[in-house]
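Q: Before I ask anything, here is the structure I am working with.
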Amino acid sequence: MSDETPVLDAVYALAASPAFATDGICFAAANTGVFRSQDGGHTWRYALDSLSLQSPLPTSAVAVSPTFTADHSVFAGSAGGVLRSSDGGDTWQVSMLPPPPPMALAFAISPRFAEDGVLLVGTMEDGVFRSGDRGLHWSRWNFGLLDLHILAMAITTTYAEDETLLVGTESGIFRSTNGGRAWREVEFPIEYAPVLSVALSPQYASDGTIFAGTEDHGLFVSQDRGKTWRRLAEGLIAGPVNGLVLAPDFPHHPYVLAMLDSALLVSRDGGQSWGAWEAPLPDNVAGLSAVLAPLGLEPGAPLLLGRMEGGVLRI
């Protein structure tokens, strides 16, 4: 690569250390590569110097291990492969996905990653791939997955027991209850609706709550594992719902954040009523593409917002 260090261009995904409150570490997957912040998202530095690339490597997904503070594992998705770091993003290795080269768009990591080493990646046109050895080797796991264009992934907090995953696709939602070995379509009220974002209640095993944000038809919630759905914020949310965040202790604190193209809406009652996020956005902000709430959704907590125009806003 030239002597010029890549700048933080269009941002597609964000991830943070579980110990963000004390270490301030977070990552951004961008059109120009992976970037890391060690001061809570105030400043960012290019993180792929160790690969000695000849040109910028676009990355479209990023995730950290649930036990990042112990294993320092970070993963980033690119065209044809997954970048892996075991030292917090200082150095990286590349694990290729089976050909033809797919574009990795979203990750789901087992809550017991330290013990089982399981992570899955959703791709643009080739479905889901699974690794059981911390991202070193990958296999396609697409049986029953009728739509291979994965836009979002969600994994239960009790995955080690129930092996439940959901993916949002160009045509709706699919669920696996055996760790991704087989998939079934979830009935959805809108036929052939691209689902851009999916969020599961941390208590999904008992409350069965799923939130799904669509490209053209707003936001939906199911409280019976996808058997029935109702639309939320109708008349308020009309365009794409690019991101969803639930409070980490939902439904004890039933907070839900929806990121639209140019607005942030928050509900404090599980989706019944909505208002603007407490911290205002700068004027004329558009192209919001990623959202991260590293300290939860309590009033006053910081939010990091990726932008298609480039850069990360901290509000």
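Under our numbering, the letters of the sequence shown match residues 1 to 315, in that order. Ideal Cβ placement from N, Cα and C applies to all residues, glycine included. This one's a predicted model, so the numbers in the text were calculated from it and none came from an experiment.
1. Are the stretch 81 to 101 and the stretch 125 to 140 in contact at 8 Å, needing three or more beta carbon pairs?
2. Would you mind sorting phenylalanine 220 into buried or exposed? The rule is 16 or more other CB atoms within 10 Å of its CB.
3. According to DSSP, which residues form a beta bridge with glycine 81?
4. Classify valine 62: buried if its beta carbon has 16 or more other beta carbons within 10 angstroms, exposed otherwise.
5. Residues in its own chain within less than 6 Å of alanine 247 by CB, not counting five upstream and five downstream?
6. In the DSSP assignment, find the alpha helix (DSSP H) that holds alanine 28 and state where it starts and stops.
7. Here's a check: name, in chain order, each residue in its chain whose Cβ is nearer than 8 Å to the Cβ of glycine 33, leaving out the five neighbours to either side.
8. If you run the structure through DSSP and keep just helix, strand and coil, what is threonine 69?
9. Reducing DSSP to helix, strand and coil, say where tyrosine 204 ends up.
10. Around the Cβ of histidine 217, are there at least 16 other Cβ atoms within 10 angstroms (buried) or fewer (exposed)?
11. For the alpha helix (DSSP H) containing phenylalanine 143, name the first residue and the last one.
12. Taking the alpha-carbon of cysteine 26 as reference, which of Tyr12, Gly41 and Asp162 has the nearest alpha-carbon?
13. So the candidates are Ala114, Gly179 and Ala258; which of them puts its Cα closest to the Cα of phenylalanine 143?
14. Identify which residue in Val186, Leu196, Trp183 and His137 has its Cα closest to the Cα of alanine 106.
15. Using the three-state DSSP reduction, which class does phenylalanine 188 fall into: helix, strand or coil?
16. Identify which residue in Ala79, Thr169, Thr177 and Ser86 has its Cα closest to the Cα of aspartate 162.
17. Please report the straight-line C-alpha distance between glycine 88 and valine 94, rounded to a whole angstrom.
18. Could you tell me if threonine 43 is buried or exposed, where buried requires 16 or more neighbouring beta carbons within 10 angstroms of its beta carbon?
19. What span of residues does the alpha helix (DSSP H) with phenylalanine 320 cover, start to end?
20. According to DSSP, which residues form a beta bridge with phenylalanine 174?
21. Comparing alpha-carbon positions, which option in Ser50, Asn284, Ala286 and Ala19 lies nearest threonine 69?
22. So the candidates are His137, Pro240, Leu120 and Ala16; which of them puts its Cα closest to the Cα of alanine 104?
23. Return helix, strand or coil for threonine 214, following the three-state DSSP convention.
A: So, from the listed chains and residues:
1. Segments in contact, yes.
2. Its Cβ being crowded by 16 or more others within 10 Å, phenylalanine 220 is buried.
3. Per DSSP, the beta bridge partners of glycine 81 are Ser78 and Met96.
4. With 16 or more other Cβ atoms within 10 Å, it is buried.
5. Around alanine 247: His253, Tyr255, Gly296 and Leu297.
6. For alanine 28, there is no enclosing alpha helix (DSSP H); the enclosing beta strand (DSSP E) covers residues 26 to 30.
7. So the list reads Pro6, Tyr46, Ala47, Leu48, Leu53, Pro56, Leu57, Pro58 and Thr59, once near-sequence residues are dropped.
8. Helix at threonine 69.
9. In the structure shown, tyrosine 204 sits in a helix (DSSP, three-state: H, G or I).
10. Flag for histidine 217 reads buried.
11. Premise fails: phenylalanine 143 is in no alpha helix (DSSP H) and is neither H nor E.
12. Checking every option, the nearest Cα to that of cysteine 26 belongs to Gly41.
13. Nearest C-alpha to phenylalanine 143: Gly179.
14. Considering only alpha carbons, the answer is Leu196.
15. Here phenylalanine 188 carries a coil assignment [DSSP, helix/strand/coil].
16. Closest by alpha carbon: Thr177.
17. Glycine 88 and valine 94: Cα-Cα distance of roughly 15 Å.
18. Exposed: under 16 other Cβ atoms inside 10 Å.
19. The structure shown does not extend to residue 320, since the chain spans only 1 to 315, so no value can be given for it.
20. Beta-bridge pairing links phenylalanine 174 to Val167 and Glu185.
21. The shortest Cα separation from threonine 69 among Ser50, Asn284, Ala286 and Ala19 belongs to Ala19.
22. Taking only the C-alpha atoms, the option nearest alanine 104 is Leu120.
23. Residue state, collapsed to three classes: strand.
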